[in-house]
Amino acid sequence: MTLTPFFRVKDLRFRYDENWVLDGLSFEVREGEILGIIGPNGSGKTTILRVLSRVLIPQEGEVHLQGKNLLALSQKEIAQIIGVVPQDTYFPFPFTVGEVVLMGRSPWLSNFGFESEKDLQIASQAMALTNTFSFSNRLIFELSGGERQRAIIARALAQKPQVMLLDEPTAHLDIGYQIEIYDLIKKLNAEKGLTLIIVAHDLNLASDYCDRLLLLDGGRIYKMGSPKEVITEENLSRIYQSKVLVEENPVTGAPRVTLLSKLMSQSTERSNRVS
Amino acid sequence: MKVLTLKKWLITILLLVIILIVTIIFCSFQGSADIKLKDLLEIFSNSPGETWWNAKAVILLKVRLPRILLACMVGGALAVSGVVLQALLRNPLADPYILGVSSGSALGAIIAILLGLNITIGSLPSIPLFAFAGGLLTILFVYHISKIHRKISIQTMLLVGVVTGAILAAIIMFITSIAGPHKVQGIIFWLMGSLSSEEYPMVAIVSFYVIVGILILLYHARSFNLLVLGEESATQLGLDVERAKKIAFIGASLITGAAVSVSGLIGFVGILIPHVMRMIIGSDHRLLLPAAGLCGSIYLIIADTLARTLMAPTEIPVGVITAICGGPFFIYLLRKKRTIFY
Numbered sequence: 006m007t008l009t010p011f012f013r014v015k016d017l018r019f020r021y022d023e024n025w026v027l028d029g030l031s032f033e034v035r036e037g038e039i040l041g042i043i044g045p046n047g048s049g050k051t052t053i054l055r056v057l058s059r060v061l062i063p064q065e066g067e068v069h070l071q072g073k074n075l076l077a078l079s080q081k082e083i084a085q086i087i088g089v090v091p092q093d094t095y096f097p098f099p100f101t102v103g104e105v106v107l108m109g110r111s112p113w114l115s116n117f118g119f120e121s122e123k124d125l126q127i128a129s130q131a132m133a134l135t136n137t138f139s140f141s142n143r144l145i146f147e148l149s150g151g152e153r154q155r156a157i158i159a160r161a162l163a164q165k166p167q168v169m170l171l172d173e174p175t176a177h178l179d180i181g182y183q184i185e186i187y188d189l190i191k192k193l194n195a196e197k198g199l200t201l202i203i204v205a206h207d208l209n210l211a212s213d214y215c216d217r218l219l220l221l222d223g224g225r226i227y228k229m230g231s232p233k234e235v236i237t238e239e240n241l242s243r244i245y246q247s248k249v250l251v252e253e254n255p256v257t258g259a260p261r262v263t264l265l266s267k268l269m270s271q272s273t274e275r276s277n278r279v280s
Numbered sequence: 036m037k038v039l040t041l042k043k044w045l046i047t048i049l050l051l052v053i054i055l056i057v058t059i060i061f062c063s064f065q066g067s068a069d070i071k072l073k074d075l076l077e078i079f080s081n082s083p084g085e086t087w088w089n090a091k092a093v094i095l096l097k098v099r100l101p102r103i104l105l106a107c108m109v110g111g112a113l114a115v116s117g118v119v120l121q122a123l124l125r126n127p128l129a130d131p132y133i134l135g136v137s138s139g140s141a142l143g144a145i146i147a148i149l150l151g152l153n154i155t156i157g158s159l160p161s162i163p164l165f166a167f168a169g170g171l172l173t174i175l176f177v178y179h180i181s182k183i184h185r186k187i188s189i190q191t192m193l194l195v196g197v198v199t200g201a202i203l204a205a206i207i208m209f210i211t212s213i214a215g216p217h218k219v220q221g222i223i224f225w226l227m228g229s230l231s232s233e234e235y236p237m238v239a240i241v242s243f244y245v246i247v248g249i250l251i252l253l254y255h256a257r258s259f260n261l262l263v264l265g266e267e268s269a270t271q272l273g274l275d276v277e278r279a280k281k282i283a284f285i286g287a288s289l290i291t292g293a294a295v296s297v298s299g300l301i302g303f304v305g306i307l308i309p310h311v312m313r314m315i316i317g318s319d320h321r322l323l324l325p326a327a328g329l330c331g332s333i334y335l336i337i338a339d340t341l342a343r344t345l346m347a348p349t350e351i352p353v354g355v356i357t358a359i360c361g362g363p364f365f366i367y368l369l370r371k372k373r374t375i376f377y
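Read top to bottom, the protein sequences are chains A and B.
Per the working numbering, the first sequence runs over residues 6 to 280.
Per the working numbering, the second sequence runs over residues 36 to 377.
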């Protein structure tokens, strides 16, 4: 069976000012996969998500969403297909969790007017899936980081999207919440058939949870493939300019990265030499 | 899950409309001339012509009522404008005057006072006309400077607005310092803000601008919920952000300009009412915007009635009342609700 790619990105180049942040990217995202985007700071990870959701329009190249040029779609049509979970959301005013999740229905609503029974139902389902229903009446800035991130995921789910883009969804969360968010991502993928593109800063989580990884370096694709193909000592030490140890995670079988301190590895080398 | 429904919307708006009407009626009978509710019945049941009828009817219908209606429009405009600009700038400190519209209007009015102009267009006096023109020019200036690559930058707009306001304020100070004592009095009186001595044609024109402006903003109220999330998230939720920003900026500026040109600078309504209403009914702009408008109307009508009756026949500047009554109440609310607010 040949699948039409969900996203097809061809020769994409984008710059904010003089320097190309994305410098000639071509890749495809398959329907139903979890794709992780990894790479050092400033390699263009977040910019890819912005281009895919058409917040930014690339100077060169094309993005096709389900076979259609992204530029031919309206912002509303895009929002009916793509849900985005930003890294951090700042709320200057007191909205309740329920109100925030219902905003996810916006792409399906006209200007004025109120949400229908069906909209409420979809929002409730999104909150049930993300385990946020119990605090739907609390204010969004009363929540802990993990609860808030789940509420924002619920908002994206309320869009009834076919693909969800997540920008470092666990950036400010402790390990318990990190696993919770990634388990939720896996569940959405398995149960809802949602395609997911995750900008990940934690290589081990990306390796454990993603079907494929895209390793970026300086706005170009350094390597794209399965975690085993991408997460190698050779690739990582070159891209991140640091010593790493890659071994197999005994539980998941995925590659596992251990960072090695430059100081400590020097001293081990020295002690090895002495003995 | 508690969410905004049509029923909740209708009940809240209806309740506020009733309070507004009661306030208008009640305040119409407050004042130095003693007019009672029963006089009203006689005014309408008796035929005109008798002298006592004339005096009371004139005070009620030609002095108090236009003033109250004007307070209604100005208060509503300032509160709605405050709500919209706070959402647009994502800043709880924003008020209708933050982008310089008020200073532009003030400069226009002061030029009219200084030149002693008596041009009227139609039946409109020159001071409000000049004030409105000044406000309009300032809006256009700030708007065009803030446009970079055909997009409005919110941060730039805030800075340009504040700086433009400061420049205009400096020019106003300069003019005031060199104007003769008689004219200075007129300038200061205008700057303090007042709702007195406006006639029906003026009230009608201001009402037109304010009501049309508020209806347009109300129609886009859900967009302002999304703007609060920031431009990137709003775009990703399907909003045409550039269009929403334009509507918010131009709509809020126009109703502010219309209000300021007839009332001068009445402070506090535009920042106090939006926050108080958010604490009471929440942040959903579909309800917040009209509710704040109605509440702003009620608040300014009461404040203006106090201003003209408390020390009658001397009139207290209405801005003094809005700040002295509203400020402490606001601080009280902040203290009481501070665990869940901001």
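In this text, a Cβ means the ideal position worked out from N, Cα and C, and glycines have one as well.
*In whole angstroms, what separates the C-alpha of L27 of chain A from that of F209 of chain B?*
53 Å
*In chain order, what residues of the same chain have a beta carbon less than 8 Å from the beta carbon of W25 of chain A, not counting five sequence neighbours either side?*
R18, F19 and G224
*Residues, ordered as in the chain, of the segment 103-115 of chain A that lie near chain B by beta-carbon distance below 8 Å*: G103, E104, L107, M108, G109, S111, P112 and L114
*Report all residues from its chain with a CB closer than 8 Å to the CB of T357 of chain B; omit the five preceding and five following residues, and keep chain order.*
I301, G302, F303, V304, L307, Y334, L335 and A338, listed in sequence order.
*With distances taken Cα to Cα, identify the nearest neighbour of Y21 of chain A among A:V102, A:I43 and A:L61.*
Selected option, being the one with the closest Cα: A:L61.
*Along chain A, in chain order, which residues have C-beta atoms closer than 7 Å to that of L41 of chain B?*
F119
*Taking only beta carbons into account, state which residues of the segment 344-369 of chain B come closer than 7 Å to chain A, listed in chain order.*
none
*asked:* Quick test of your reading: R125 of chain B and G273 of chain B, contact by CB under 8 Å. State the CB separation rounded to the nearest angstrom.
replied: Actually they are not in contact, since the Cβ atoms of R125 of chain B and G273 of chain B sit about 19 Å apart, beyond 8 Å.
*asked:* So, with DSSP's three-state summary, where would you put I375 of chain B?
replied: Low confidence applies here, because I375 of chain B scores a pLDDT of 48, under 50, leaving its location unreliable; read the following figure in that light. Under the three-state reduction of DSSP output, I375 of chain B falls in the coil class, being neither helix nor strand.
*Taking C-beta pairs closer than 7 Å, name the residues in chain B that Q51 of chain A reaches, listed in chain order.*
What sits at residue 51 of chain A in the sequence shown is Thr, not Gln. Neighbours of T51 of chain A on chain B: none; closest Cβ ~10 Å, over 7 Å.
*Whose Cβ in chain B lies nearer than 9 Å to the Cβ of Y95 of chain A?*
R125, L264 and G265
_Can you tell me whether Y367 of chain B is buried or exposed? The criterion is at least 16 other CB atoms within 10 Å of its CB, across all chains shown._
exposed
_CB contact check: G248 of chain B to chain A, cutoff 7 Å_ = no
_Judging by CA-CA distance, which residue of B:F64, B:I249 and B:G66 is the nearest neighbour of A114 of chain B?_
The candidate whose alpha carbon is nearest that of A114 of chain B is B:I249.
*Tell me whether the beta-carbon of S378 of chain B lies closer than 7 Å to the beta-carbon of L226 of chain B.*
The first residue shown for chain B is 36 and the last is 377, placing residue 378 of chain B beyond what the model contains.
*asked:* Quick check on the burial criterion: 16 or more other C-beta atoms within 10 angstroms. Buried or exposed for I290 of chain B?
replied: buried
*Output yes if chain B places a C-beta closer than 7 Å to the C-beta of F100 of chain A; else output no.*
Output row for F100 of chain A: interface = yes.
*asked:* Taking the beta strand (DSSP E) that R278 of chain B belongs to, which residues open and close that run?
replied: Per DSSP, R278 of chain B belongs to no beta strand (DSSP E); it is in the alpha helix (DSSP H), V276 to S298.
*Under 8 Å by Cβ, that's how I've got I262 of chain B and A283 of chain B pegged, so tell me the actual separation to the nearest angstrom.*
The question names Ile, but residue 262 of chain B is Leu in the sequence shown. Indeed, because the Cβ distance is near 7 Å, the residues count as touching under 8 Å.
_Classify K42 of chain B: buried if its beta carbon has 16 or more other beta carbons within 10 angstroms, exposed otherwise._
exposed
*Nearest to S116 of chain B by CA position, among B:L51, B:S212, B:S67 and B:L252, is which residue?*
When the alpha-carbon of S116 of chain B is set against those of B:L51, B:S212, B:S67 and B:L252, the nearest one is in B:L252.
*asked:* Please return the same chain residues whose Cβ sits closer than 6 Å to the Cβ of N254 of chain A, not counting the five positions on each side in sequence.
replied: Excluding its 5 nearest sequence neighbours in each direction, N254 of chain A has C-beta neighbours in its own chain below 6 Å: R261, listed in chain order.
*asked:* Please list, in chain order, the chain A residues whose beta carbon lies closer than 9 Å to that of V197 of chain B.
replied: Here the premise fails: no neighbours, minimum Cβ distance about 18 Å.
*Using a Cβ-Cβ cut-off of less than 9 Å, list which residues of the segment 28-62 of chain A approach chain B; keep chain order.*
R55, S58, R59 and V60
*Quick one, which of B:A327, B:K186 and B:I146 has its alpha-carbon nearest I52 of chain B's?*
Checking the sequence, you will find Val at residue 52 of chain B rather than Ile. When only C-alpha atoms are compared, the closest one is B:A327.
_Alpha-carbon spacing of E234 of chain B relative to E350 of chain B, whole angstroms_ = 19 Å
*To the nearest angstrom, report how far apart I184 of chain A and T135 of chain A are at their CA atoms.*
13 Å
*CA-CA distance, Y178 of chain B and I187 of chain B?*
Straight across, the Cα-Cα distance linking Y178 of chain B with I187 of chain B is about 8 Å.
*Verify the CB distance criterion: does V256 of chain A have a CB-CB separation below 7 Å to chain B?*
no
*Report all residues from its chain with a CB closer than 7 Å to the CB of V34 of chain A; omit the five preceding and five following residues, and keep chain order.*
P10, F11, F12, L40, T200 and I202, listed in sequence order.
*For S67 of chain B, does the three-state DSSP call read helix, strand or coil?*
coil
*K37 of chain B versus chain A: which residues are under 8 Å apart at the beta carbon?*
T101, G103, S141 and N142
*Three-state secondary structure assigned by DSSP to T200 of chain A*: strand
*Spell out a yes or no on whether the segment 135-155 of chain B and the segment 201-220 of chain B are touching, meaning 3 or more CB-CB pairs, one atom from each, closer than 8 Å.*
Touching, per the Cβ criterion.
_Comparing C-alpha positions only, which one of B:M346, B:P309, B:L164 and B:S137 sits nearest to V119 of chain B?_
B:P309
*Name the DSSP beta bridge partners of V14 of chain A, please?*
A:F32 and A:V68
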